[in-house]
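As structure tokens, the structure follows; a few thoughts come after it.
Number of protein chains: 2
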Amino acid sequence: MAIGSEDLSLAAAAALDASDPLADLVDRFVVDDPDLIYLDGNSLGRLPRATVERLSAVVQQDWGAGLIRSWDHWIDLPAEVGDRLGAALLGAGPGQTLVADSVTVNLYKLAMAALDLATAADPARRVIVTDDDNFPTDRYVLAAVAARHGGEVRLVPSDPVHGPDPDRLAAALGPDVALVSLSHVAYRSAALVDMAEVTEAVHRVGALTLWDLSHAAGSVVVDLDGTGADLAVGCTYKYLNAGPGAPAYLYVRRSLADRLRSPIPGWFAAADQFAMGPTFSPIAGVGRFAAGTPSILGVTAVDEGVRLLAEAGIGRVRAKGVALTTLLLDLADARLGPLGFEAASPRDPDRRGAHVSLAHPEAREISAALIEVADVVADFRTPDRLRLGPAPLSTRFVDVVHAVDRIAELVGSGRHLTSAAPPVDPPET
Amino acid sequence: MAIGSEDLSLAAAAALDASDPLADLVDRFVVDDPDLIYLDGNSLGRLPRATVERLSAVVQQDWGAGLIRSWDHWIDLPAEVGDRLGAALLGAGPGQTLVADSVTVNLYKLAMAALDLATAADPARRVIVTDDDNFPTDRYVLAAVAARHGGEVRLVPSDPVHGPDPDRLAAALGPDVALVSLSHVAYRSAALVDMAEVTEAVHRVGALTLWDLSHAAGSVVVDLDGTGADLAVGCTYKYLNAGPGAPAYLYVRRSLADRLRSPIPGWFAAADQFAMGPTFSPIAGVGRFAAGTPSILGVTAVDEGVRLLAEAGIGRVRAKGVALTTLLLDLADARLGPLGFEAASPRDPDRRGAHVSLAHPEAREISAALIEVADVVADFRTPDRLRLGPAPLSTRFVDVVHAVDRIAELVGSGRHLTSAAPPVDPPET
Numbered sequence: 005m006a007i008g009s010e011d012l013s014l015a016a017a018a019a020l021d022a023s024d025p026l027a028d029l030v031d032r033f034v035v036d037d038p039d040l041i042y043l044d045g046n047s048l049g050r051l052p053r054a055t056v057e058r059l060s061a062v063v064q065q066d067w068g069a070g071l072i073r074s075w076d077h078w079i080d081l082p083a084e085v086g087d088r089l090g091a092a093l094l095g096a097g098p099g100q101t102l103v104a105d106s107v108t109v110n111l112y113k114l115a116m117a118a119l120d121l122a123t124a125a126d127p128a129r130r131v132i133v134t135d136d137d138n139f140p141t142d143r144y145v146l147a148a149v150a151a152r153h154g155g156e157v158r159l160v161p162s163d164p165v166h167g168p169d170p171d172r173l174a175a176a177l178g179p180d181v182a183l184v185s186l187s188h189v190a191y192r193s194a195a196l197v198d199m200a201e202v203t204e205a206v207h208r209v210g211a212l213t214l215w216d217l218s219h220a221a222g223s224v225v226v227d228l229d230g231t232g233a234d235l236a237v238g239c240t241y242k243y244l245n246a247g248p249g250a251p252a253y254l255y256v257r258r259s260l261a262d263r264l265r266s267p268i269p270g271w272f273a274a275a276d277q278f279a280m281g282p283t284f285s286p287i288a289g290v291g292r293f294a295a296g297t298p299s300i301l302g303v304t305a306v307d308e309g310v311r312l313l314a315e316a317g318i319g320r321v322r323a324k325g326v327a328l329t330t331l332l333l334d335l336a337d338a339r340l341g342p343l344g345f346e347a348a349s350p351r352d353p354d355r356r357g358a359h360v361s362l363a364h365p366e367a368r369e370i371s372a373a374l375i376e377v378a379d380v381v382a383d384f385r386t387p388d389r390l391r392l393g394p395a396p397l398s399t400r401f402v403d404v405v406h407a408v409d410r411i412a413e414l415v416g417s418g419r420h421l422t423s424a425a426p427p428v429d430p431p432e433t
Numbered sequence: 005m006a007i008g009s010e011d012l013s014l015a016a017a018a019a020l021d022a023s024d025p026l027a028d029l030v031d032r033f034v035v036d037d038p039d040l041i042y043l044d045g046n047s048l049g050r051l052p053r054a055t056v057e058r059l060s061a062v063v064q065q066d067w068g069a070g071l072i073r074s075w076d077h078w079i080d081l082p083a084e085v086g087d088r089l090g091a092a093l094l095g096a097g098p099g100q101t102l103v104a105d106s107v108t109v110n111l112y113k114l115a116m117a118a119l120d121l122a123t124a125a126d127p128a129r130r131v132i133v134t135d136d137d138n139f140p141t142d143r144y145v146l147a148a149v150a151a152r153h154g155g156e157v158r159l160v161p162s163d164p165v166h167g168p169d170p171d172r173l174a175a176a177l178g179p180d181v182a183l184v185s186l187s188h189v190a191y192r193s194a195a196l197v198d199m200a201e202v203t204e205a206v207h208r209v210g211a212l213t214l215w216d217l218s219h220a221a222g223s224v225v226v227d228l229d230g231t232g233a234d235l236a237v238g239c240t241y242k243y244l245n246a247g248p249g250a251p252a253y254l255y256v257r258r259s260l261a262d263r264l265r266s267p268i269p270g271w272f273a274a275a276d277q278f279a280m281g282p283t284f285s286p287i288a289g290v291g292r293f294a295a296g297t298p299s300i301l302g303v304t305a306v307d308e309g310v311r312l313l314a315e316a317g318i319g320r321v322r323a324k325g326v327a328l329t330t331l332l333l334d335l336a337d338a339r340l341g342p343l344g345f346e347a348a349s350p351r352d353p354d355r356r357g358a359h360v361s362l363a364h365p366e367a368r369e370i371s372a373a374l375i376e377v378a379d380v381v382a383d384f385r386t387p388d389r390l391r392l393g394p395a396p397l398s399t400r401f402v403d404v405v406h407a408v409d410r411i412a413e414l415v416g417s418g419r420h421l422t423s424a425a426p427p428v429d430p431p432e433t
């Protein structure tokens with residue numbers, strides 16, 4: 005049998021796997037169907053084996069046996085796990101990261117606090133800058149927060165592949181801007197915004213930054229402290245592998261925290277929680293952005309996900325993410341280009357997160373048929389994108405080759421147009 | 005050996021257990037230490053056995069094996085479980101109850117929406133009425149919401165045993181009132197507010213009601229639809245046995261929902277979630293108060309807790325709650341009164357929820373020593389209350405007798421003052 009380009013790719017990928025320092029970690033995840041190729045780790049990360057054990061222990065020992073007494077250690081968990089998350093993945097020193105609520109709620113709390121601070125100093129500083137391709141929740145919440153302050157959102161045009169235009173962003177900044185909120189990695193294209201450069205420009209006009217790290221944390225090297233970032237939020241169900249709807253996190257720069265007030269003053273943020281006094285006085289630091297009782301199961305799952313990433317080391321995770329997405333783009337060019345696919349993510353790995361989008365006019369049907377008949381899980385994203393997320397911790401290089409093979413076979417055969425599968429819209433970002 | 009009053013009480017309690025139609029349900033909960041008497045079911049409910057199985061299945065099968073594909077059934081869970089919860093426990097018809105976020109965040113969303121609606125119609129209608137003994141988060145959040153609208157909170161004096169004074173409440177109502185927010189059952193005293201009476205009085209002045217049902221749902225018969233209630237929130241980790249920090253719920257009267265807008269317009273509340281369009285348009289009904297990705301593990305645990313209560317029937321749960329607390333108060337009068345305890349909950353069972361507070365100057369030390377040396381778990385609440393919650397589903401009548409015995413023995417011996425146990429403040433409401 006002649007050795008074709010497919011076999012050459014597979015041999016090369018197997019060599020990459022053999023020299024991958026993170027290869028062993030793939031086995032730390034539950035794999036139910038070995039034939040399934042899961043390229044949706046950027047949407048809902050796989051289940052770590054350790055999480056199964058830990059959740060069982062929290063349910064049966066902490067809750068079932070310990071009952072209310074377990075609050076003696078549960079109460080510090082959101083801040084402790086926040087610190088571990090910040091140190092391992094965000095470049096954040098202790099006391100600045102908290103696991104709490106959802107991305108949506110955290111984004112609201114931080115944006116409201118930022119606008120309250122800005123408008124108190126200067127009522128005319130009430131514009132929020134974001135980009136027109138930012139994730140929907142971000143755009144909706146920021147618009148509501150700006151409107152609540154009599155301001156508005158200024159939308160910077162975003163290139164569908166390369167993200168927010170730096171020149172247009174610079175032009176949008178002025179003395180009326182209170183807050184600039186961007187996704188560090190774009191949810192559709194994976195375009196990576198230069199955090200240091202943007203932060204510097206934003207600070208120059210006296211505004212604050214609020215980063216959405218949902219697609220960045222656990223996939224690229226984030227350096228909040230080092231870049232002087234002010235505020236950040238992010239989810240934990242993607243690269244952090246904390247499970248469906250696990251709690252999100254928020255970051256508030258230490259030197260800024262005590263000048264901010266949460267719009268939602270819940271008792272978990274009170275300086276003396278059990279005094280239950282007549283008026284609310286917030287505790288010092290990021291903890292003031294807590295609200296109600298934290299989800300202990302959720303925070304526990306976040307902890308396990310963070311521990312796994314910390315063990316891997318974000319530098320190695322990033323390097324593998326670059327290698328996986330580079331391989332994917334190269335294979336897509338060679339084998340999927342002739343079938344009508346076009347790369348819709350930055351080719352420069354320094355400007356790209358850990359997922360890849362491919363444009364194809366039948367992307368919706370392809371995404372559905374891949375799940376139904378090819379055992380490949382990927383996302384459809386409007387208007388015509390197939391989004392592939394080979395999460396570095398749980399994906400092998402050979403998986404990428406097999407995935408491209410299956411996509412080529414499916415689309416080459418035209419079966420994606422005859423498959424009975426209904427289009428699937430998985431509700432993770 | 006002579007038969008003392010203690011033995012007589014035990015015999016009577018055993019007879020009550022023998023004729024208790026819910027007696028078998030006690031075995032549906034995980035009991036790790038059979039000697040422990042757990043009177044904190046109103047703070048963190050016990051772990052149902054079924055929840056252990058169900059959570060394990062959701063983690064391993066739905067998440068581990070199904071991965072992102074499980075969103076096809078996860079996505080409807082918050083509304084489905086909300087409907088079951090509403091039907092079983094709140095007197096709420098379908099489409100009005102949603103499981104989401106925490107009590108604090110839900111209270112904020114609904115109060116903001118109510119004030120937005122009121123002030124849009126009449127800028128002078130911006131007062132929120134609550135009582136000065138309402139739960140801290142409620143008071144803090146309501147004050148923040150009123151201030152955000154240029155209004156204020158009007159505090160009705162509350163009797164520490166009997167709850168908000170009805171005459172003072174009536175006097176606080178006027179054309180400047182936008183919202184009246186009360187706890188249906190008071191967190192400390194268990195005083196039960198007459199929902200129908202209050203709602204009628206509030207509607208007479210053109211205001212809306214927002215009920216906190218945290219200590220009421222699953223313990224007393226709540227009839228939101230029947231009383232014409234407008235809005236409600238509540239937690240699920242108490243009588244609903246959904247675990248530490250499980251998601252809360254919110255209720256919005258059907259005829260009111262589409263006139264309200266959530267202040268936090270998250271993508272899970274968008275009319276067409278995956279269109280991801282430029283502007284936010286909320287879906288019809290209570291779903292518009294969703295925000296970010298719901299906690300699937302949490303909603304699942306709520307579902308199991310609700311199913312157990314639905315099987316029991318809230319009428320029988322309430323009857324058992326009345327019987328348990330009546331027995332507890334009677335025994336406390338007889339055996340703890342001589343030791344300095346005084347009942348601090350309403351004696352009329354129709355005006356009382358399913359827990360009992362006893363005042364004692366050394367309540368803090370007693371609560372700590374009970375856990376440490378007597379294997380009885382109860383709460384301390386400021387300033388001098390021992391709070392005992394014999395949750396109807398998981399408590400036997402004989403447990404109440406044994407608990408009073410142990411309290412009497414502890415305090416009679418003075419050991420609560422010499423025990424080394426540090427005072428414990430369990431952070432559940």
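In order, the protein sequences belong to chains R and B.
According to our numbering, the first sequence is numbered sequentially starting from 5.
According to our numbering, the second sequence is numbered sequentially starting from 5.
Note that CB positions come from ideal geometry on N, CA and C, so glycine has one too.
Listed along the chain, the chain R residues whose CB falls inside 8 angstroms of the CB of B:Trp67 are Leu48, Leu51, Gly247, Pro248. For R:Leu212, same chain residues with a beta-carbon under 6 angstroms away, outside a window of 5 residues either side, are Ala118, Leu183, Asp234 in chain order. In the structure shown, the three-state DSSP call for B:Arg385 is strand. Runs of the alpha helix (DSSP H) lying entirely within the region 226-297 of chain R and spanning at least 4 residues, in chain order: 228-231, 258-261.
In the displayed model, R:Pro168 falls within a strand according to three-state DSSP. Going by DSSP, R:Ile375 is part of the alpha helix (DSSP H) stretching over 367-378.
Nearest neighbour of B:Ala221 by Cα position, chosen from B:Ala288, B:Arg152, B:Asp163, B:Leu313, turns out to be B:Leu313. B:Tyr243 does not reach chain R, its nearest Cβ partner there being about 14 angstroms away, counting only Cβ pairs nearer than 9 angstroms.
8 angstroms or more divides the Cβ of R:Ala115 from the Cβ of R:Ala294.
Considering only beta carbons, no part of the region 328-351 of chain R lies closer than 8 angstroms to chain B. R:Val157 is a Cβ neighbour of R:Leu146, given a cutoff of 8 angstroms. Taking 8 angstroms as the cut-off, the Cβ atoms of R:Arg130 and R:Ala148 do not count as close. Going by DSSP, R:Asp216 is part of the beta strand (DSSP E) stretching over 212-216.
Taking the beta carbon of B:Ser299 as reference, the chain R residues within 9 angstroms of it are Ser106, Gly247, Pro248, Gly249, Ala250, Pro251, Ser299, Leu301, Gly302, listed in sequence order. Nearest neighbour of R:Lys324 by Cα position, chosen from R:Ser398, R:Arg339, R:Gly249, turns out to be R:Ser398. Distance from the Cα of R:Leu94 is smallest, within the candidate group R:Ala336, R:Thr240, R:Leu374, R:Gly210, for R:Thr240. Boundaries for B:Ser223: no beta strand (DSSP E) harbours it, and the DSSP string shows neither H nor E there. For B:Pro140, the three-state secondary structure derived from DSSP is helix. For the set B:Arg339, B:Ala327, B:Ala373, B:Pro365, the Cα lying nearest the Cα of B:Arg351 is the one of B:Ala327.
Rounded to the nearest angstrom, the gap between the Cα atoms of R:Ser417 and R:Arg368 is 16 angstroms.
Close partners of R:Tyr42 in chain B (Cβ separation under 7 angstroms): Leu71.
The count of Cβ pairs closer than 8 angstroms, one atom from the region 316-323 of chain R and one from the region 288-302 of chain R, stays below three, leaving the stretches out of contact. For B:Phe284, a Cβ of chain R is located within less than 8 angstroms of the residue's own Cβ. Between R:Gly249 and B:Ile370, the C-beta gap is not smaller than 8 angstroms, which leaves the two residues out of contact. For the C-beta of R:Thr141, the chain B residues within less than 7 angstroms are, from N- to C-terminus, Gly270, Trp271, Gly296. In the structure shown, R:Leu196 falls within a strand segment according to DSSP collapsed to helix, strand and coil. Between B:Leu335 and B:Val415, the C-beta spacing is not below 8 angstroms. Distance from the CA of R:Thr123 to the CA of R:Pro267, rounded to the nearest whole angstrom, comes to 14 angstroms. By the neighbour-count definition (other C-beta atoms within 10 Å, threshold 16), B:Glu201 is an exposed residue.
When rounded, the separation of the alpha-carbon atoms in B:His188 and B:Ala274 is 31 angstroms.
Under the Cβ criterion of 8 angstroms, R:Ala407 is not counted among the residues facing chain B.
The criterion of a C-beta distance shorter than 8 angstroms is not satisfied by R:Pro394 and R:Leu26. Taken in chain order, the whole alpha helix (DSSP H) runs of length 4 or more contained in the region 72-151 of chain B are 75-78, 81-89, 107-125. Judged by beta-carbon spacing, R:Leu186 lies beyond the 8 angstroms limit of R:Asp126, meaning their Cβ atoms are not closer than that value. Here B:Thr55 is buried: its Cβ has 16 or more other Cβ atoms, across all protein chains shown, within 10 Å. Against B:Asp262, chain R offers no close residue; the least beta-carbon distance is about 18 angstroms (beta-carbon pairs closer than 8 angstroms).
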